[in-house]
Amino acid sequence: MVMRRANVMGLGLIGGSLALALKKNGFQVSGSDENIETSKSALEREIISAIGVDPLAEISFVATPVSSIPMQAAIALAQTKGIV
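Below is the structure:
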């Protein structure tokens, strides 16, 4: 069985909840947050499998404050071939 992969950029309330739901539905989730402590906490709590952007992810979600969406979407578009 092939593991489905996803990225979640922004691991606050919305992004963290999304990452957890994806994981519960069989996805390997990579994630990042502007606050490295939030990223580390999500990794320690096993909400995400890795910190950063997985270039093989089939989909990337941007769950950040509105002002940083363009930058985070550009990163996901540049570093992955999946849907953003």
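The letter at position 10 of the sequence shown is residue 10 when you use this note's numbering, and the numbering goes up by one with no holes. Built from N, CA and C at the ideal position, the CB exists for glycine as well.
- Measuring C-alpha to C-alpha distances from residue 53 to each of 84, 24, 67 identifies 84 as the nearest.
- Residues 28, 29, 30 of the same chain have their beta carbon placed closer than 7 Å to that of residue 49, with the five preceding and five following residues left out of the count.
- Under the criterion of beta carbons closer than 8 Å, residue 26 and residue 63 do not qualify as touching, at roughly 20 Å.
- According to the DSSP assignment, residue 21 belongs to no beta strand (DSSP E) but to the alpha helix (DSSP H) extending over 13 to 24.
- Remark: fewer than three beta-carbon pairs, one from each stretch, lie closer than 8 Å, so the segment 63 to 76 and the segment 35 to 44 are not flagged as touching.
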